[in-house]
Every structure is written in C-alpha cells, then in structure tokens.
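So the protein sequences, as listed, match chains A and B.
Remember, our numbering sits 35 above the position in the first sequence when you count from 1.
Remember, our numbering sits 105 above the position in the second sequence when you count from 1.
As structure tokens, the structure follows; a few thoughts come after it.
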Amino acid sequence: MTAAAVGAGLPRILGPIRPRTRWRETRLLAIVAASLVVGSVSLALTSQVADPGESHGLSLANPLHVAIYLGLLGIAHLVLILSGRRMDEILLPTAGMLGGISLLLMERLPQTQVVQSIGPWKLGLGDVQLAWLVLSFGLATTLAVTVRSDGWLRLYKYTWAAAGVALLLATFFFGDDINGQRLSLTIGPISGQPAELLKVILVVFLAGYLSENRPLLVEESTKVGPISLPPLPFLAPMAAMWAIALGIVVMQRDLGAALLFFTVFLSLLYIATGRVGYVVVGVLLFLAGSYVMYLLVPTVQTRVDIWADPFRDPTGDGYQIVQSLFAFGRGGLLGTGLGAGLPTVDGRLPIPAVHTDFPLAALGEELGLIGVMAILGLFLVVVERGLRIAASAADEFRSLLAAGLALVIGTQAFIIAAGNLKLIPLTGITLPFISYGGSSLLVNGIIVGFLLALSDRGVEPPPPPRPRSRFARLTGRVARLETPAAGRAPIAPGPSRRSPPAADDR
Amino acid sequence: MDPFLLTVWVVRLLFLGLLYLFLFRIARALVGDLRAAAREPGAELGRLVVVASPGGEPEEGSSLALDAIATIGRDVNNAIVVEDQFVSAEHAILTFRGRAWYIEDLGSTNGTFVNGAPVTEVMPLGYGDVVQVGQVRLRLERPRPARARR
C-alpha cells in the first residue's frame with residue numbers, strides 16, 4: 036500500500052482529522068522534558084564524582100534512552116492533538132513524569148539486575164524498562180484514541196469477571212513459583228502477572244454491577260442488630276469479593292493484591308451507595324479475615340512480625356525493610372542526588388528487590404524527602420484527575436469506572452509506599468509507573484488510556500437503561516426506586532409561565 | 106568549595122526544582138478547572154431565598170435558582186415573578202458579571218433596597234445581602250454545588 040493510500044484510508048477509519056491544540060499538555064510536557072534532561076545530566080555528573088568505593092556498577096546516563104522516551108511522549112502528544120478530541124490534558128504529562136523518573140532510576144541501578152537477551156543483543160535493566168515504557172504509552176495512546184464506546188465492557192461484565200477468575204485459577208495451577216509466591220504465568224514466549232490485569236477486570240465488573248444494582252443496594256431491608264443492610268441477595272457479591280481476596284492470600288500468598296482488591300472494592304461500593312455502613316462492615320470483615328489469616332498462613336505471620344519489629348532479625352527476615360529505612364534516613368531532606376545513593380553491602384545491593392518492590396526507597400535516598408513528596412504528589416494528581424473525570428462522566432457506569440481505575444493506581448501507590456516506610460506490613464506490589472515490570476507498566480498504560488478515553492466529552496452517549504437484573508424483577512421494588520432522585524424541577528413550557536421557573540422542589 | 110561539586114549540587118537541586126515547577130503548574134491548572142466547573146453551563150450561579158412575602162407569591166421560605174440574568178417584577182415574563190401591589194411590572198434586574206452579582210433598579214415606582222439602602226445605580230451585591238422590592242424581601246445565597254445528585 037502506498038503512502039497516499041494510507042493517507043486516504045486513515046480518515047475513513049478514524050473519521051476526518053480535525054486537530055485540536057492542547058497547549059496545557061504541551062507546556063507540561065515541556066517541563067517533563069526539561070526535568071528529564073536535567074535529571075540525566077545530574078546522573079552523568081554524579082558518576083564522575085562518585086569515588087570507586089561508593090559506587091557499584093553505575094551506568095552512565097544514556098542520552099539515547101532519554102531521547103527515545105521524550106520522542107515517544109512527543110508522538111503520543113501529537114496523536115492526541117490529531118485525534119481532535121477534548122481529552123484530559125494533565126494525565127499524560129503526569130504519567131510521563133513518573134515514567135521518566137522510573138527510567139532515570141532504572142538507568143542508575145546496576146544493569147545486571149535484569150538481563151534479557153533477544154537475538155544478538157543483551158538488554159540491561161534500563162533498556163528493558165524503556166521498551167516496556169514505550170509499549171505502555173503506546174497502548175495508552177491507542178486506547179485513548181480508539182475506544183469510542185463502552186458497550187463491550189458494560190454488557191459483558193460477567194464474562195469479564197469469569198475471565199478474571201479463570202486467569203487467577205490458571206495462575207494457581209500452571210503458574211511459576213518465585214519466592215514461594217505463585218504470581219506469574221507463562222504461555223509460550225509470553226510471561227506475565229495476571230493479577231495486574233485482574234485489577235482492571237475487577238474495576239470493570241464492579242462498575243457494571245454497582246451501576247446496575249445501585250438503587251437496590253441503597254435500600255435498607257435486612258436488619259442485623261443496629262445495622263441495616265440491603266436485601267440479602269445483593270450482599271452475595273460483597274461476600275464473594277471478601278472470599279476472593281482471602282483466597283488470593285491463601286492460594287497465592289499475594290497479600291498486596293488482596294489488600295488492593297478489597298480496598299478498591301470498598302471504595303467503589305461507598306462511591307456507588309454513599310453508605311458508611313458498608314465500609315464499616317467491610318473493614319470489620321477484613322480485620323476478622325486478616326486475623327484468621329495471621330493465625331493460619333505463615334507468610335502473613337512473617338510479614339506482620341517483620342513489620343512489628345524489623346530490627347529483631349536485621350540481617351535475616353527484616354533485612355530489606357531495615358535497609359529501606361536506612362536508605363530513607365541517608366536521603367534526609369534533599370537526598371544524596373541522583374546516582375549517588377545505595378552504598379553496597381559486601382559488593383551486593385542492600386535491597387535485592389529495589390527495582391520492583393523498593394523503588395521508593397531508592398528515590399527516597401537519592402531525591403530525599405522533597406523528592407518523595409513530589410512523587411506522592413504526582414500520584415495524588417492522577418487520583419484527582421480520575422475523580423474529576425468520574426464526576427463529569429455521562430452516566431453511573433463511566434463514573435464508577437473512572438473512579439475505580441484512578442483509585443487502583445492511588446491505592447497501589449499508597450500500599451507499597453507505606454510498606455516501604457514501614458507504615459503497614461510490606462506487601463509485594465509494584466509502585467505504579469515507576470517499578471520495573473512489564474505487566475505492571477502495561478496495565479498502567481491501559482488505565483491511563485481508559486481514563487483519557489472516558490474524559491472525552493464528545494464520546495458516544497451511554498446506552499439507554501436496560502431492564503433490571505433478574506433479582507430486581509423478582510423483588511419488584513424497582514418501580515418505586517426508579518423515580519429519579521429529587522433534582523432540578525422541570526420547567527414547563529406552558530403558554531403562560533405564572534409560577535417562577537426553577538422553584539425549588541426540595 | 107570545589108566548583109565542580111557545586112555544579113553537581115546545582116543540577117541536583119534544579120531537578121527537584123523542576124519537579125515542583127511541574128506540580129505547581131498542574132496545581133494551577135487544577136484550580137482553573139475547578140473554577141470552570143463551578144461555572145458549568147446550566148449550573149446555577151446563585152440562589153434567592155424568600156425572607157418575607159406578604160402576597161404569597163413567591164412563597165415565603167422557598168429558594169429560587171438564578172441564571173446569569175434574573176429580572177424581578179410583577180409581569181409574568183420576569184424570571185422571578187413577584188405578586189405584590191407595590192412592585193412594578195419590571196422592577197429590578199440581577200446580573201452575574203464575571204465573579205460577582207450586581208443589582209440595578211429598572212426605574213421602579215417604589216424603588217429597590219439592598220440591606221435597607223436604596224439602589225440608585227448598578228451596584229454590587231454580596232452573598233447574604235437582602236434585597237427588598239415592595240414588601241418582598243429576598244436574600245442572595247451561594248449556589249448549591251453543581252453535582253448534588255446523590
């Protein structure tokens with residue numbers, strides 16, 4: 036196919052191209068570019084001053100990597116401009132900044148942490164991370180531009196949920212054991228962590244389920260002591276979620292994912308119903324479940340004991356946490372500077388999992404409290420954008436979807452950051468956008484892509500409300516609950532408007 | 106101090122500074138967004154609470170949502186229709202200009218009063234001020250949050 040044919044074919048697929056400027060995004064991306072260049076220079080300078088005793092396997096700041104990454108952000112920006120949609124202009128720069136920090140960190144860590152050979156090339160940590168970042172942002176941009184309808188998500192929510200559970204079971208039966216955790220699944224040449232994808236599937240399912248059954252969930256009919264609960268059939272999914280979360284803990288020893296799923300579930304339930312009772316019951320259930328797990332599952336017990344007192348065994352179980360705390364301590368307020376942290380112990384990195392579970396500790400050492408606050412601020416911005424997109428969404432499903440996706444990122448960042456800082460027991464989970472890891476980065480790309488697509492004001496209107504689920508028809512409460520909540524009074528277009536318009540009916 | 110080390114530290118601090126510049130620009134954008142959302146089309150810009158209304162129209166205690174231009178008078182074509190013999194057909198007009206409310210008397214027979222003082226020209230109206238037309242007293246209040254759906 037010639038270039039002219041492609042040029043003529045594209046508008047037929049995507050519709051006519053009417054570019055729309057995104058100056059806010061352009062300006063923010065310029066700051067991202069400046070920050071990354073300065074950070075890279077800082078890395079290069081540090082590797083010149085670092086005395087040989089302090090540095091171990093330091094890699095030079097790689098100008099090619101920075102150029103590729105910034106070029107990628109530029110292309111993504113250009114594609115969004117050409118798409119001509121009115122999408123959020125802050126998400127891409129924010130995610131870009133986090134990804135850039137990740138790139139700088141991975142360049143700076145010993146490249147031998149991860150080595151993948153593809154044909155004649157040997158790719159180090161930085162190279163692999165860059166490749167995943169490129170794929171992730173590519174995916175985000177593609178989704179943002181191509182997702183025009185949410186029917187395939189909303190109509191097949193049970194199918195998605197079944198697929199998610201199938202993934203989970205497949206991991207359990209066919210997964211590879213790494214450090215006593217069975218998290219990754221290898222199918223042919225592809226290896227990934229299905230739990231990452233499960234996060235998105237969970238949010239899709241919950242958004243679909245809650246938006247459809249919200250009126251019934253809000254109703255109080257079952258009384259348990261002083262707490263009134265909705266009709267019992269609608270409590271089933273809540274119990275199921277609880278069971279799944281605990282099941283993940285028992286089967287996969289994946290505390291982080293369980294905590295994340297349950298937190299996101301409770302948050303969405305609260306957003307959909309606005310009832311604190313659910314959250315209270317959920318938290319109580321969670322505490323009870325956690326206690327039983329603590330008694331029964333040795334992994335949970337170890338994690339909690341380490342958290343309670345890491346210094347009891349500073350060279351054994353508590354080693355990583357202790358080193359992480361030391362790293363934050365060495366960083367102080369301003370940090371040691373990019374590339375100047377992480378002194379080695381006996382020629383090894385003090386924190387073996389620094390690139391997956393402890394990137395915040397490394398950043399805390401090198402950028403200091405100031406830098407860590409900035410990074411947490413960036414995550415906060417992602418959550419704020421998500422909630423804002425949710426608030427202005429066209430209907431319940433999209434609103435819950437946007438809020439849930441943003442909360443996945445926010446909650447995950449909180450869980451691992453708090454784990455690194457010994458605020459809560461450490462759970463193996465990635466820091467979104469920053470940790471090394473293909474599955475995690477790709478899923479973050481999917482989330483950003485969906486959020487961008489949802490933020491588009493010109494997107495196809497939501498489908499008309501569908502008949503209620505079987506449960507609802509059986510209970511027959513629908514008619515009464517279906518009346519719209521007290522809102523704006525309709526203005527009657529009668530010939531003589533004697534009554535003042537927009538008089539309040541509340 | 107070694108000039109090279111100094112450079113290194115300047116670059117390091119510059120990196121942190123740029124991170125915060127980025128956050129600052131985003132914060133400004135977010136504040137701008139919030140302002141814009143507050144003025145979303147269709148959203149009300151203020152409310153008038155009826156403090157006293159001997160004629161019963163508008164009803165005492167009710168509150169009326171305001172658009173950017175709200176006329177007050179006895180004529181049915183006004184945004185706020187007041188049934189009171191001391192009120193002119195086109196009595197006064199409330200306008201929202203930029204960020205604040207303004208009130209103007211439209212040459213009414215009995216005049217318009219804000220907190221007891223007569224309105225002679227276009228004058229600003231603050232939230233909490235009480236407007237009197239005829240025997241009807243109306244208090245300007247802040248708009249309700251745009252999305253109080255749930």
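In this text, a Cβ means the ideal position worked out from N, Cα and C, and glycines have one as well.
Fair warning: this is a prediction, and the values are worked out from it, not measured in the lab.
Using the beta-carbon count (16 or more within 10 Å), is residue i buried or exposed?
i      : result
A/R515 : Low confidence applies to A/R515: its pLDDT is 42, below 50, so where it sits in the model is not reliable, and the reading given next is rough at best. Classification of A/R515: exposed, given that the 10 Å Cβ count is below 16.
A/P345 : buried
A/G92  : For A/G92, the predicted structure reports a pLDDT of 39, less than 50, and the residue's modelled location is therefore unreliable. A value from the coordinates is still provided. Exposed, since its Cβ has fewer than 16 Cβ neighbours within 10 Å.
A/R120 : buried
B/N182 : exposed
A/T298 : buried
A/I52  : exposed
B/N220 : exposed
B/F109 : exposed
B/P159 : exposed
A/G186 : exposed
B/D189 : buried
A/R420 : buried
A/E231 : buried
B/R133 : exposed
A/Q83  : exposed
Between residue i and residue j, which are expected to be in contact by the criterion C-beta below 8 Å, what is the C-beta distance as a whole number of angstroms?
i      : j      : result
B/N244 : B/L153 : As written in the sequence, residue 244 of chain B is Arg, which differs from the Asn given in the question. Correct: roughly 7 Å between the Cβ atoms.
A/L105 : B/I131 : Contact flag wrong, Cβ pair sits at about 19 Å.
A/I66  : B/F218 : No, A/I66 and B/F218 are not in contact; Cβ-Cβ is about 53 Å, not under 8 Å.
B/T176 : B/I198 : 5 Å
B/L121 : A/G406 : 6 Å
A/P54  : A/L117 : 5 Å
A/I481 : A/L178 : 6 Å
A/R249 : A/A307 : 5 Å
B/V116 : A/V73  : 6 Å
B/G239 : B/V187 : 7 Å
For residue i, I'd like the list of residues in its chain whose CB is within less than 7 Å of its CB, leaving aside the five on either flank, ordered along the chain.
i      : result
A/L294 : I450, T462
A/N26  : Look at the range of chain A in this structure, 36 to 541, and you will see that residue 26 of chain A is not part of it.
A/K192 : V239, F240, G243, Y244
A/F300 : L241, M276
A/L360 : K457
A/F124 : Residue identity check: residue 124 of chain A is Glu in the sequence provided, not Phe. Excluding sequence neighbours, A/E124 sits near R57, R59, E60.
A/Y329 : V335, Q336, V339
A/I424 : D123, A437, L486, L489, S490
Going by beta carbon distance, what residues of the same chain come within less than 6 Å of residue i, once the five residues before and after it are set aside?
i      : result
B/T200 : I174, Y207
B/A205 : P229
A/G199 : L233, I236
B/P223 : G216
A/M286 : F207
A/Y313 : L304
A/L302 : Checking the sequence shown, residue 302 of chain A turns out to be Ser, not Leu. These residues qualify, in order along the chain: L442.
A/L71  : V101, G135
A/V418 : A441, G445
In chain order, what residues of the same chain lie with their CB nearer than 8 Å to the CB of residue i, ignoring the 5 residues before and after it?
i      : result
B/E246 : G151, R152, L153, V154, S168, Y232, G233
B/G266 : Given that chain B is displayed from residue 106 to residue 255, the structure contains no residue 266 of chain B and the question cannot be resolved.
A/S325 : V335
A/L368 : G403, L404, I405
A/V318 : L301
B/R179 : V186, V187, E188, D189, V192, S193, A194, H196
Is any heavy atom of the ligand GTP found at a distance shorter than 7 Å from the C-beta of residue i?
i      : result
A/A441 : In terms of ligand content, the structure shown is empty, and the ligand GTP therefore cannot be addressed.
Short-range partners of chain A found in the segment 110 to 135 of chain B, where Cβ spacing is below 8 Å
L110, T112, V113, W114, V116, R117, L118, L119, F120, L121, L123, L124, Y125, L126, F127, L128, R130, I131, A134, L135
Using a Cβ-Cβ cut-off of less than 9 Å, list which residues of the segment 179 to 209 of chain B approach chain A; keep chain order.
V181, N182, N183, A184, I185, V186, V187
Using a beta-carbon distance cut-off of less than 8 Å, what residues from the segment 52 to 63 of chain A approach chain B?
R59, R62, L63
Would the segment 385 to 400 of chain A and the segment 345 to 355 of chain A be scored as touching if the rule is three or more Cβ pairs under 8 Å?
By the C-beta criterion, the segment 385 to 400 of chain A is judged to be in contact with the segment 345 to 355 of chain A, since at least 3 inter-stretch pairs fall below 8 Å.
Contact list for the segment 122 to 147 of chain A against chain B, Cβ threshold 8 Å
E124, I125, P128, T129, M132
At least 3 beta-carbon pairs within less than 8 Å: the segment 272 to 287 of chain A vs the segment 454 to 470 of chain A:
No, the segment 272 to 287 of chain A does not touch the segment 454 to 470 of chain A.
Are at least three pairs of beta-carbons, each pair with one atom in the segment 426 to 446 of chain A and one in the segment 410 to 417 of chain A, less than 8 Å apart?
yes
Between the segment 108 to 115 of chain A and the segment 396 to 412 of chain A, do three or more beta carbon pairs fall short of 8 Å?
no
Please identify, using Cβ separations under 8 Å, the residues of the segment 220 to 251 of chain B that lie next to chain A, in order along the chain.
Going along the segment 220 to 251 of chain B in chain order, one finds no residue with a Cβ nearer than 8 Å to chain A.
Across the segment 452 to 460 of chain A and the segment 477 to 489 of chain A, are there enough close Cβ pairs to call them in contact, namely three or more that are closer than 8 Å?
no
Are the segment 71 to 78 of chain A and the segment 132 to 141 of chain A touching, with three or more C-beta to C-beta distances below 8 Å?
Output reads yes: the segment 132 to 141 of chain A touches the segment 71 to 78 of chain A.
Compile a chain-ordered list of the residues in the segment 419 to 434 of chain A whose CB is closer than 9 Å to at least one CB of chain B.
So the list reads E419, R420, R423, A426, S427, given in the order they occur along the chain.
Contacting positions in the segment 350 to 376 of chain A - beta carbon closer than 8 Å to chain B:
L369, G370, G372, L373
Cβ-based contacts, 7 Å cut-off: residues of the segment 440 to 472 of chain A near chain B
none
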